[in-house]
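FYI, the numbering for the sequence shown is 323 to 482, going by this note's numbering. All C-beta atoms in this analysis are idealised placements derived from N, C-alpha and C, irrespective of residue type, glycine included. Below is one structure, written out as structure tokens; the observations come after it.
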Amino acid sequence: MRLIPFVASLCVLLISCVSTKNTIRNIDDNAPEPKLKGNAFVLSEFSKDPKYGFDPDYPVNVFFRDVKDENINAIRFLNGLSGPNGEKIFFKKIDTCCPFPTKRSEMGAGFIDLYEITWVGQKKPIMLYINSYAKGSVMVPMGFGNKPPAVENDLKKGKG
């Protein structure tokens with residue numbers, strides 16, 4: 323008997339936490355999917371928008387792929403980045419925020435993940451907003467570089 327009020331309260335709480343309006347400004351369902359090399363996206367476009375990736379309304383939209391691993395495309399995106407001078411970056415997911423309505427989730431809500439990015443010699447960590455529930459042009463945010471695609475070993479190509 324106590325389960326019914328608990329479930330009802332939980333439903334009200336979940337519904338109240340989800341914004342009824344999607345404020346994300348850079349969703350594009352027709353955007354091309356980035357090429358994949360190993361476990362990294364091959365990033366060839368550089369954003370000229372200073373908000374891209376740095377503002378929750380302009381996240382990097384890496385699109386949702388699999389309920390088993392909803393972060394896989396975020397990791398592929400981050401693996402395709404470097405520091406501004408080619409430095410190896412380090413990243414960790416530090417928060418989930420900014421609920422918004424979406425049809426790509428059983429719950430009816432998507433969330434934006436906040437990642438902390440660092441590299442050797444950097445003075446202050448950089449925070450990037452990444453959205454795994456929507457599609458958009460996947461570009462290198464301002465202040466970052468793109469990691470060159472890994473060169474395959476000649477033995478894997480059948481040479482040698």
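Cα atoms of F376 and F385: separation of roughly 17 Å, rounded to the nearest angstrom.
L358 and M464 have their C-alpha atoms some 21 Å from each other. Here DSSP, grouped into helix, strand and coil, assigns F399 to helix. For N453, the enclosing beta strand (DSSP E) covers residues I448 to N453. Setting aside the 5 residues that flank it on each side, S459 is surrounded in the same chain by D350, A353 and E367, each with a C-beta closer than 7 Å to its C-beta; the list follows chain order.
Judged by DSSP in its simplified three-state form, I416 adopts strand. The C-alpha of L450 is placed about 18 Å away from the C-alpha of N407. Annotation: the continuous beta strand (DSSP E) that includes V364 extends over A362 to V364. Around K414, the same chain offers Y437 and E438 as residues with beta carbons nearer than 8 Å, after the five sequence neighbours per side are excluded. If you ignore the 5 residues before and after P447, its C-beta comes within less than 7 Å of the C-beta of E438, I439 and T440, all in its own chain and listed in chain order. A456: not part of any beta strand (DSSP E); DSSP gives it neither H nor E. Assignment of I346 by DSSP, reduced to helix, strand and coil, places it in the coil class.
According to DSSP, residue pairing for A431 in a beta bridge involves P423.
Taken atom to atom, the span from the alpha-carbon of C420 to that of A456 is near 14 Å.
Secondary structure note for K373: it is in no beta strand (DSSP E), with a DSSP letter that is neither H nor E.
Per the C-alpha coordinates, the member of D379, F433, D417 and N401 positioned closest to G467 is N401.
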